[in-house]
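Below is one structure, written out as structure tokens, with a few remarks after it.
Residue numbers (our numbering): 166 to 626.
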């Protein structure tokens with residue numbers, strides 16, 4: 166029976182392994198394992214530990230078994246449909262599904278059943294993937310916590326708004342789940358739960374059929390138990406669903422990129438450093454020194470006035486994010502408030518009150534500031550193989566506050582790709598390192614992330 170406080174066990178970044186899919190495909194092809202058997206292992210894991218974690222808003226294992234059986238038959242015939250054929254997946258409940266409810270974590274939408282799938286869900290199904298259910302989300306992606314708990318310490322938040330998606334992957338209920346990200350909704354819970362995650366370049370993966378309250382900053386997130394599964398899913402989704410309309414979509418090959426040792430990285434404080442506890446700062450600084458000892462050049466604000474100027478822009482990201490978000494969120498959220506504000510939670514209502522006082526003029530000024538920020542990012546990105554910083558200001562807090570997204574706002578504003586690497590352990594729970602790259606540099610960023618997480622970071626067998 167699972168430990169009610171630590172259902173997924175005590176966390177150690179050096180030893181923790183999650184469920185993966187890509188390494189099972191060869192077994193499916195030669196018959197020593199099957200997608201149906203994998204699904205049953207997932208179902209057993211969910212039954213064993215999801216009680217205290219509460220990662221799922223909806224499960225349909227009967228439908229999943231039918232899909233897994235069909236996938237098993239295709240592998241037996243030597244005709245799998247795609248690299249994701251047979252992959253059990255979770256789907257954040259901000260993402261439309263035609264055969265399961267899509268309630269957006271909101272009382273306003275209880276029992277809502279769309280007649281369509283979101284683009285990524287449709288094409289994942291077309292490729293033979295096996296949706297297991299819908300993962301719990303924060304209400305309409307807003308600031309109020311969900312009921313999901315951190316799988317390594319149920320006193321702590323898993324973060325949000327992709328709460329259930331990250332908790333399910335971290336505790337090996339499924340190898341992959343889709344999330345979303347407008348502020349910190351993929352990278353922050355990935356840091357708190359210890360998963361790999363990609364918030365790709367803005368528009369890289371199609372968002373049609375995905376709830377959005379901040380159209381210019383919302384991203385689809387890919388949360389996985391390995392960087393290989395993360396990339397395979399992201400690239401397959403983009404190849405078939407495309408990017409957002411008008412965007413070129415995710416660039417790169419279908420296979421996971423090989424690990425790439427970076428020659429030069431830029432270390433960032435961002436706006437979050439002052440809010441970070443000293444022990445967590447020490448973990449990050451120790452990893453920076455280890456990277457340097459491994460032959461990677463690392464530059465910071467102390468070394469280059471250009472980086473210092475860029476850091477000062479980062480320091481303004483909370484205010485800039487707010488100016489952009491509060492204007493963009495007004496539709497549809499104002500209409501939902503008009504319809505029945507008693508069904509919207511307190512923090513979301515407070516944010517809407519801020520939106521009442523946000524003008525078009527302030528939004529236009531914020532857009533100009535964002536272009537300046539993007540220019541600085543693009544220029545520095547030419548001089549390095551990536552930027553490294555923390556993914557969160559420490560582990561998920563005790564209590565159900567979602568925790569600060571201060572380390573995540575900048576990449577949401579910039580639309581640049583970022584990856585969470587689960588490299589740190591503090592108080593027996595995860596904290597992540599974040600790696601950021603240039604626009605459309607997702608594939609190289611994944612390759613650098615693979616080298617850091619798989620070749621550089623010492624892990625125990």
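Beta carbons are placed, not taken as given, at the ideal position from N, Cα and C, and that holds for glycine.
For clarity, every value in this text was computed on a predicted model and none was experimentally measured.
- For residue 204, same chain residues with a beta-carbon under 7 Å away, outside a window of 5 residues either side, are 229, 230, 233, 253 and 295 in chain order.
- Residue 397 places its beta carbon 7 Å or farther from that of residue 334.
- Of the residues 602, 610 and 592, the one whose Cα lies closest to the Cα of residue 320 is 592.
- Ranked by how close their Cα comes to the Cα of residue 405, the residues 291, 348 and 585 have 291 in first place.
- Separation of the CB atoms of residue 200 and residue 236 is rounded to 4 Å, and the pair is thereby assigned contact status at 8 Å.
- Looking at the backbone, the Cα of residue 548 and that of residue 486 are separated by about 26 Å.
- Counting C-beta pairs closer than 8 Å gives fewer than three between the stretch 266–281 and the stretch 452–465, which falls short of the contact rule.
- Note that the stretch 575–592 touches the stretch 545–563; at least 3 beta-carbon pairs, one per stretch, sit closer than 8 Å.
- Within the stretch 429–502, the runs of beta strand (DSSP E) at least 3 residues long that lie entirely inside it are, in chain order, 429–432 and 462–464.
- Residue 514 places its beta carbon 7 Å or farther from that of residue 539.
- Taken through DSSP and simplified to helix, strand or coil, residue 385 comes out as strand.
- Around the Cβ of residue 499, a 10 Å sphere holds fewer than 16 other Cβ atoms; the residue is exposed.
- For residue 343, the enclosing beta strand (DSSP E) covers residues 341–346.
- When the beta-carbon positions are compared, residue 362 and residue 355 come within less than 7 Å of each other.
- Looking only at 399, 309 and 302, the smallest Cα-Cα distance to residue 331 is reached by 302.
- The DSSP-derived three-state label of residue 552 is strand.
- Around the beta-carbon of residue 315, 16 or more other beta-carbon atoms lie within 10 Å, marking it buried.
- Less than 7 Å divides the Cβ of residue 385 from the Cβ of residue 370.
- Per DSSP, the continuous alpha helix (DSSP H) segment holding residue 191 begins and ends at 190–195.
- DSSP, read as helix, strand or coil, puts residue 303 in coil.
- The count of Cβ pairs closer than 8 Å, one atom from the stretch 460–469 and one from the stretch 501–520, stays below three, leaving the stretches out of contact.
- 7 Å or more divides the Cβ of residue 585 from the Cβ of residue 602.
- In terms of Cβ geometry, residue 313 and residue 259 do not form a close pair [threshold 7 Å].
- In the DSSP annotation of this structure, the continuous segment of the beta strand (DSSP E) that includes residue 583 starts and ends at 583–591.
- Residue pairing by DSSP places residue 296 opposite 254 in a beta bridge.
- For the pair residue 425 and residue 613, the CB atoms are nearer than the 7 Å cut-off.
- For residue 517, the enclosing alpha helix (DSSP H) stretches over residues 511–521.
- Contact annotation: residue 214 and residue 172 have beta-carbon atoms nearer than 7 Å.
- The C-beta distance from residue 359 to residue 178 rounds to 7 Å, short enough to meet the 8 Å contact threshold.
- For the pair residue 180 and residue 625, the Cα-to-Cα distance works out to about 5 Å.
- Under a 10 Å Cβ-count criterion, residue 525 is classified as exposed, with fewer than 16 other Cβ atoms of the shown protein chains found around its own Cβ.
- The continuous stretches of beta strand (DSSP E) do not include residue 416, and DSSP gives it neither H nor E.
- A straight-line Cα-Cα distance of about 21 Å links residue 566 and residue 589.
- Apart from the 5 residues on each side of it in sequence, residue 422 sits with its Cβ closer than 6 Å to the Cβ of 608, 611 and 612 in its chain, given in chain order.
- When secondary structure is reduced to three states using DSSP, residue 595 falls in the strand class.
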